[in-house]
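**Student:** Below is one structure. I have some questions about it.
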Amino acid sequence: MKNPYWDNAIDKFPFNANLQDIINQQLALLINPTPYLSRYSLITSTAGTGKSYMIKIITDYLTNNHKSFLLIAPTGVAAQNINGKTITF
């Protein structure tokens, strides 16, 4: 999937050269799910690895293509960082 947002964003991302591949895989699963694969994604890693940045690129793409999505996080701080909601049980 070609996304003009990546032309600038990925070039500026200093952490992981494979980020665009990861984003492409996530978008493919979210936009064109198969019966065997979930439309849900769990993004985890240590601090400073680009999780929020990757989420921003994916959500920008989904928003620009009029796709609906929901972001949830386990804490208020994490939810604020991604403009999402907290998980409550």
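The opening position of the sequence shown corresponds to residue 36 in this note's numbering, with each subsequent residue numbered one higher.
A virtual CB, placed ideally from N, CA and C, is assigned to each residue, including glycine.
How far does the alpha helix (DSSP H) with Lys86 in it extend, from its first residue to its last?
**Tutor:** 86-99 is the extent of the alpha helix (DSSP H) around Lys86.
**Student:** Could you spell out where the alpha helix (DSSP H) holding Gly111 opens and where it closes?
**Tutor:** Start and end: 111-116.
**Student:** Gln60: which of Ile107, Met89, Asn116 sits nearest, CA to CA?
**Tutor:** The candidate whose alpha carbon is nearest that of Gln60 is Met89.
**Student:** Please report the residue range of the alpha helix (DSSP H) in which Leu105 lies.
**Tutor:** Note, Leu105: premise wrong, no alpha helix (DSSP H); not H, not E.
**Student:** In the DSSP assignment, find the unbroken alpha helix (DSSP H) run with Ala63 in it and report its ends.
**Tutor:** First-last of the alpha helix (DSSP H) with Ala63: 54-66.
**Student:** Spell out the partners DSSP gives Thr121 in its beta bridges.
**Tutor:** Answer is Ala108, bridged to Thr121.
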